[in-house]
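In what follows, a single structure is set out as structure tokens and then discussed.
Number of protein chains: 2
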Amino acid sequence: MLGGIEMGGTKMVCAVSLDGRSVLAEVRYPTGSDPAAAMARAADFFLSHDRPLDALGVGAFGPCDPSTTSPTYGHITTTPKPGWAGADVLGLLRGRLGGVPIAFDTDVNAAALGELRCGAGRGLESLVYLTIGTGIGGGAVAGGRLIHGLTHPEMGHIRVRRPAEEIGVFPGVCPFHGDCLEGVASGPALAARWGVPGPELPPDHPAWELEANYLAESVATLVLVLSPQRIVVGGGVGLAPRLIERIRPRVLALIGGYVRHEQLAEGAEEFIVAPALGDQAGVVGALCLAQDALA
Amino acid sequence: MLGGIEMGGTKMVCAVSLDGRSVLAEVRYPTGSDPAAAMARAADFFLSHDRPLDALGVGAFGPCDPSTTSPTYGHITTTPKPGWAGADVLGLLRGRLGGVPIAFDTDVNAAALGELRCGAGRGLESLVYLTIGTGIGGGAVAGGRLIHGLTHPEMGHIRVRRPAEEIGVFPGVCPFHGDCLEGVASGPALAARWGVPGPELPPDHPAWELEANYLAESVATLVLVLSPQRIVVGGGVGLAPRLIERIRPRVLALIGGYVRHEQLAEGAEEFIVAPALGDQAGVVGALCLAQDALA
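These protein sequences, in sequence, are chains X and H. Each residue of the first sequence is one higher than the last, beginning at -19 in the working numbering. Each residue of the second sequence is one higher than the last, beginning at -19 in the working numbering.
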């Protein structure tokens, strides 16, 4: 049996599966501020089934350390989240689960892998998963493999061009960068800029024009840097009504005919898409990580 | 014996090697406007040695098609370069060289692989190679493998934030995008903006402050999207005196302490570096491609 954990900033989702795709049983609970308690509860769930756990995949909020050769592999690193800075997630799980193979990656990399193998990217080898909600994060697969290196991608913090008049009225909400993408286009950024939460802004509000511009510029940058076969845009803000429809033509205009491919023709409707797995992308991706850990 | 071809927009470099690293013999000639003649000359060189050619690697100017599963794999695609649009490079070589295994990728991906295996990235698994010259291009390795997908990365065409006063005086020179990175920071952009070729601008000219800002923002974006273990900055403009020294602190300021790693401490002197292979990165990388084609 395979297990997957999606560790979100606010909630944990644990699931088991026989084939690594269809979820047999699932449990959700608040992430809280006690890593030992949170991981013990996950382990208890995995040990509560008749079949033994063969492998486990973990997709964790970041910053975290997904480098298998690093001494802090499987740790949450510099998060401001109370109780979690430096938490040895992998160590806590191993203490309860013994020698079961465990794979650890970021939540957005897990979601990218889930969408590639079981969702919007089936049959492809490369994909970017971008989620726009409380924060903005991205995961990427190239040649069938998740992208890592020094640490892990932090796509939500790239800079975007802003209209001059916006720079004057809104400095952005990112505590590290002010007006990086997350600082101007996340849910909290929309709320700070317009005085009401993003979901309450009507579809014809000028906020959405600006939001579509920021996201389109970021998506165009991701196309030019990674050349993925598909880009999945999700998250509470990303899935706002008609937002993806507004992003597509702007991305094509920014690419300006320079990258030519049939996927970019006819409005990019199959190129920039919503998640096929909805909010299950992360935990299904964690199950995919488990399957790889078994192999 | 292994062969490598670096196909540049203006010159071709062909080399042979026994070990895939040290070059045994090399020939350089103008790329010209006749693909059949250029590839015949390359094939003649490879067939002129005592030992038979075991495998060949090609690093080509773009846009080209490096997708092995595509019907136009190994073709130059939509280049404005006279004579070369649609040229079947791989087909022309196969017609002369028969069944020798041939690997085909972009010139900048080849250079990235060359620097990773034999140059500034030895011992690493991920690296970005960015070249700033007549054009701006980038190649990337993650997990030891070159990044592809829909087509290939076109990192030189990402957008960068520009000072408001610059937007008013200089629209940029990119025929596709105006003021994308290549449009404002390439050699021709410097010449168009300041009226003299880049190499003639004195090191204390304000052009270099602006250039360092544009390049630093692009490098920061690449760090946040790809998280490479090292970034190699080369090319005729990229290697201008003191430019890399100016880029490093600006990249660190843009990352703003959000990505933490020892490589980013102490001025990033081992993180953002010049090519160790100089102008041989491309052809050495092509030899690395040949070695992989053999395996």
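Think of the CB as a built atom: it goes at the ideal place given N, C-alpha and C, for glycine as much as any other residue. Since the model is a prediction, treat every value here as computed from it, not as a measurement.
Flag this pair as touching only if the stretch 58 to 72 of chain X and the stretch 179 to 194 of chain X have three or more C-beta atom pairs under 8 Å; answer yes or no. Cβ pair count under 8 Å is below three, so no.
Under three-state DSSP, which class holds Ala35 (chain X)? Counting from one through the first sequence, the residue named residue 35 (chain X) turns up at place 55. Correct three-state label for Ala35 (chain X): strand.
Residues that Ile116 (chain X) bridges to, as DSSP identifies them: The residue given as residue 116 (chain X) occupies position 136 in the first sequence. Under DSSP, Ile116 (chain X) forms a beta bridge with X:Ile112.
Report the option in X:Glu146, X:Cys154, X:Gly(-17) and X:Ala23 whose CA atom is closest to the CA atom of Pro60 (chain X). Position 80 of the first sequence, counted from the first residue, corresponds to residue 60 (chain X). Of the candidates X:Glu146, X:Cys154, X:Gly(-17) and X:Ala23, X:Cys154 places its Cα closest to the Cα of Pro60 (chain X).
Going by beta carbon distance, what residues of the same chain come within less than 8 Å of Ala171 (chain H), once the five residues before and after it are set aside? Sequence index remark: in the second sequence, residue 171 (chain H) carries index 191 (1-based). Pro177 and Gly178.
Indicate the three-state DSSP secondary structure (helix, strand or coil) for Pro168 (chain X) in the structure shown. Translated into the one-based positions of the first sequence, residue 168 (chain X) becomes position 188. Helix at Pro168 (chain X).
Does Phe25 (chain X) come out as helix, strand or coil in the three-state DSSP assignment? The residue labelled residue 25 (chain X) in the question sits at position 45 within the first sequence. If DSSP states are grouped into helix, strand and coil, Phe25 (chain X) belongs with the helices.
Candidates H:Ala23, H:Cys44 and H:Arg173: which alpha carbon is nearest Val239 (chain X)'s? As a first step, residue 239 (chain X) must be located in the first sequence, where it is residue number 259. Per the Cα distances, H:Cys44.
Are there any heavy atoms of the ligand GDP lying less than 7 Å away from the beta-carbon of Asp159 (chain X), as far as the coordinates show? Of the ligands one can find in the structure shown there are none, so the ligand GDP has no counterpart to examine.
In chain X, what lies closer than 9 Å to Glu134 (chain H) by C-beta? Residue numbering aside, residue 134 (chain H) sits at position 154 when the second sequence is read from its first letter. Going along chain X in sequence order, the residues near Glu134 (chain H) (Cβ under 9 Å) are Val203, Leu204, Val205, Ser207, Ile235, Tyr238 and Val239.
Taking all protein chains shown into account, do 16 or more other C-beta atoms lie within 10 angstroms of the C-beta of Glu191 (chain H), making it buried, or fewer, making it exposed? As a working mapping, residue 191 (chain H) is identified with position 211 in the second sequence. It is buried - the Cβ of Glu191 (chain H) has at least 16 other Cβ atoms within 10 Å.
Out of X:Ala122, X:Ile112 and X:Thr57, which has the shortest C-alpha to C-alpha gap to Leu195 (chain X)? Residue mapping note: residue 195 (chain X) aligns to position 215 of the first sequence, counting from 1. The shortest CA-to-CA distance from Leu195 (chain X) to any of X:Ala122, X:Ile112 and X:Thr57 is the one to X:Ile112.
Scan the stretch 119 to 143 of chain X for residues whose Cβ lies nearer than 7 Å to a Cβ of chain H and list them as they occur along the chain. Within the stretch 119 to 143 of chain X, the qualifying residues are Ala122, Gly123, Arg125, Ile127, His128, Gly129, Leu130, Thr131, His132, Pro133, Glu134, Met135, His137, Ile138, Arg139 and Arg141.
Identify which residue in H:Cys268, H:Glu162 and H:Pro221 has its Cα closest to the Cα of Ser198 (chain H). Walking along the second sequence from the start, residue 198 (chain H) turns up at place 218. For Ser198 (chain H), the nearest C-alpha among the options comes from H:Glu162.
Who are the Cβ neighbours of Leu33 (chain H) in its own chain at under 8 Å, not counting the five residues just before and after it? Within the second sequence, residue 33 (chain H) is the residue found at index 53, counting from 1. Hits under 8 Å: Met(-19), Leu(-18), Gly(-17), Val(-4), Phe26, Leu27, Leu77 and Val80.
Which first and last residues belong to the alpha helix (DSSP H) in which Tyr194 (chain H) is found? Indexing the second sequence from 1 puts residue 194 (chain H) at position 214. Run containing Tyr194 (chain H): Pro186 to Leu206, per the alpha helix (DSSP H) assignment.
If I measure Cβ to Cβ from Ser47 (chain X) and keep anything under 8 Å in the same chain, skipping five residues before and after, which residues do I get? Working through the first sequence from its first residue, we reach residue 47 (chain X) at position 67. Contacts found: Tyr53, His128 and Thr131.
Would DSSP call Pro10 (chain H) helix, strand or coil? Reading the second sequence from its first residue, position 30 is the one you call residue 10 (chain H). It is a strand residue.
Compare the C-beta of Gln271 (chain H) with all C-beta atoms of chain X and state if any pair is closer than 8 Å. Here residue 271 (chain H) corresponds to residue number 291 of the second sequence, with the count starting at 1. At least 8 Å separates the CB of Gln271 (chain H) from every CB of chain X.
Whether Val121 (chain X) touches Leu107 (chain X) by CB criterion (8 Å): On the first sequence, position 141 is the one that residue 121 (chain X) refers to. On the first sequence, position 127 is the one that residue 107 (chain X) refers to. Leu107 (chain X) sits close to Val121 (chain X), with the two beta carbons spaced by under 8 Å.
For the alpha helix (DSSP H) holding Glu277 (chain H), just list the boundary residues, first then last. This structure gives no information on residue 277 (chain H), because the portion of chain H shown stretches from -19 to 275.
Give the DSSP-derived three-state secondary structure of Arg1 (chain H) in the structure shown. Against the second sequence, residue 1 (chain H) aligns to sequence position 21. Three-state result, Arg1 (chain H): coil.
Within 8 Å, do at least three Cβ pairs link the stretch 235 to 254 of chain X to the stretch 139 to 159 of chain X? Segments in contact, no.
Listing by chain order, which chain H residues have their CB less than 8 Å from the CB of Thr57 (chain X)? Mapped onto the first sequence, residue 57 (chain X) falls at position 77. Within chain H, the residues near Thr57 (chain X) are Arg240.
According to the neighbour-count rule (16 or more other Cβ atoms, all chains shown, within 10 Å of its Cβ), is Pro62 (chain H) buried or exposed? Here residue 62 (chain H) refers to the residue found at position 82 when the second sequence is read from its first residue. That one is exposed.
Beta-bridge pairing of Asp45 (chain H) - partner residues as DSSP gives them: Within the second sequence, numbered from 1, the residue matching residue 45 (chain H) stands at position 65. None, per the DSSP bridge assignment.
For Asp(-1) (chain X), count the other beta carbons within 10 Å of its own beta carbon; 16 or more makes it buried, fewer makes it exposed. Which is it? The sequence position of residue -1 (chain X) within the first sequence is 19, counting from 1. When all chains shown are included, Asp(-1) (chain X) counts as exposed.
Residues of chain H with CB closer than 9 Å to the CB of Ser106 (chain X), please, in chain order. The residue you call residue 106 (chain X) lines up with position 126 of the first sequence. Within 9 Å Cβ-Cβ: Ile127, His128, Gly129 and Leu130.
Can you check DSSP and say which residues form a bridge with Ile252 (chain H)? Along the second sequence, read from residue 1 onward, the residue named residue 252 (chain H) stands at position 272. H:Ile211, per the DSSP bridge assignment.
Residues near Leu96 (chain H) by beta carbon distance below 7 Å, same chain, minus five either side: Stepping through the second sequence from its first residue, residue 96 (chain H) is reached at position 116. Only Leu104, Leu107 and Val121 meet the Cβ criterion.
Cys268 (chain H) and Leu93 (chain H) closer than 8 Å at C-beta: To locate residue 268 (chain H), count along the second sequence from 1; it is residue 288. To locate residue 93 (chain H), count along the second sequence from 1; it is residue 113. Yes, the pair counts as a contact, with Cβ atoms nearer than the cut-off.
For chain X, check one thing: does any of its Cβ atoms lie closer than 8 Å to the Cβ of Glu249 (chain H)? As a position in the second sequence, residue 249 (chain H) is number 269, starting the count at 1. Taking 8 Å as the threshold, the shortest C-beta distance from Glu249 (chain H) to chain X does not fall below it.
Buried versus exposed call for Pro143 (chain X) [16 or more other C-beta atoms within 10 Å across all chains shown]: Reading the first sequence from its first residue, position 163 is the one you call residue 143 (chain X). Using a 10 angstroms sphere on the CB of Pro143 (chain X), the tally of other CB atoms stays under 16, which defines it as exposed.
Under the rule that 16 or more other beta-carbon atoms within 10 Å means buried, what is Asp85 (chain X), buried or exposed? One-based indexing of the first sequence puts residue 85 (chain X) at position 105. For Asp85 (chain X), the number of other beta carbons within 10 angstroms of its own is at least 16, and it is reported as buried.
May I ask you to list the residues that DSSP assigns as paired with Arg139 (chain H)? Numbered from 1 along the second sequence, position 159 holds the residue referred to as residue 139 (chain H). Per the DSSP secondary-structure output, Arg139 (chain H) pairs in a beta bridge with H:Cys160.
So the candidates are X:Arg21, X:Ser2, X:Arg1 and X:Ile227; which of them puts its Cα closest to the Cα of Met(-13) (chain X)? In the first sequence, residue -13 (chain X) corresponds to position 7, counting from 1. Closest by alpha carbon: X:Arg21.
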